[in-house]
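A.B. asks: Position 60 of the sequence shown, counted from 1, bears residue number 71 in our numbering, the numbering being contiguous throughout.
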Amino acid sequence: HPEDNDPILVIEQTSPVGYRVPNFPDFPIDPIRFGSKGFSCLSLNLEIVVGLVVSVGIGAFVVSTSLYDYMANANDYISSASEGIAQNVEEV
Numbered sequence: 012h013p014e015d016n017d018p019i020l021v022i023e024q025t026s027p028v029g030y031r032v033p034n035f036p037d038f039p040i041d042p043i044r045f046g047s048k049g050f051s052c053l054s055l056n057l058e059i060v061v062g063l064v065v066s067v068g069i070g071a072f073v074v075s076t077s078l079y080d081y082m083a084n085a086n087d088y089i090s091s092a093s094e095g096i097a098q099n100v101e102e103v
């Protein structure tokens, strides 16, 4: 097998997961520098609350579009426009 000559993973005792990818270069990554800190102007609790409000709002919109046919007018407009284009093409 060609995999035997070029393994995807190599056992590495110093790795946190126990393996390393030999084809990738070894770049040191500082986890403190790249840690998730969120937005500097907002607190973490405020970010969570805003995220929950936005997700509930999007979910409510999706559920309401399934209950009420908001898109009927848009679909009617698109179908009438495509019929008009088809008639213009036939005339030419």
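Virtual Cβ for every residue (Gly too), placed ideally from N, Cα, C.
Based on the DSSP output, what are the partners of VAL21 in its beta bridges?
C.D. replies: Partner(s): ARG31.
A.B. asks: How far does the alpha helix (DSSP H) with PRO75 in it reach, from first residue to last?
C.D. replies: As written in the sequence, residue 75 is Ser, which differs from the Pro given in the question. Unbroken alpha helix (DSSP H) run through SER75: 55 to 78.
A.B. asks: Give me the Cα-Cα distance between ASP87 and TYR79, rounded to the nearest whole angstrom.
C.D. replies: So the two alpha carbons sit approximately 15 Å from each other.
A.B. asks: Closer than 8 Å by C-beta to VAL60: which residues in its own chain qualify, once you throw out the five before and the five after it? Chain order, please.
C.D. replies: Same-chain partners within the cutoff: there are none.
A.B. asks: Using the C-alpha atoms, what's the distance from ALA92 back to ALA85?
C.D. replies: Spanning the two alpha carbons is a distance of roughly 11 Å.
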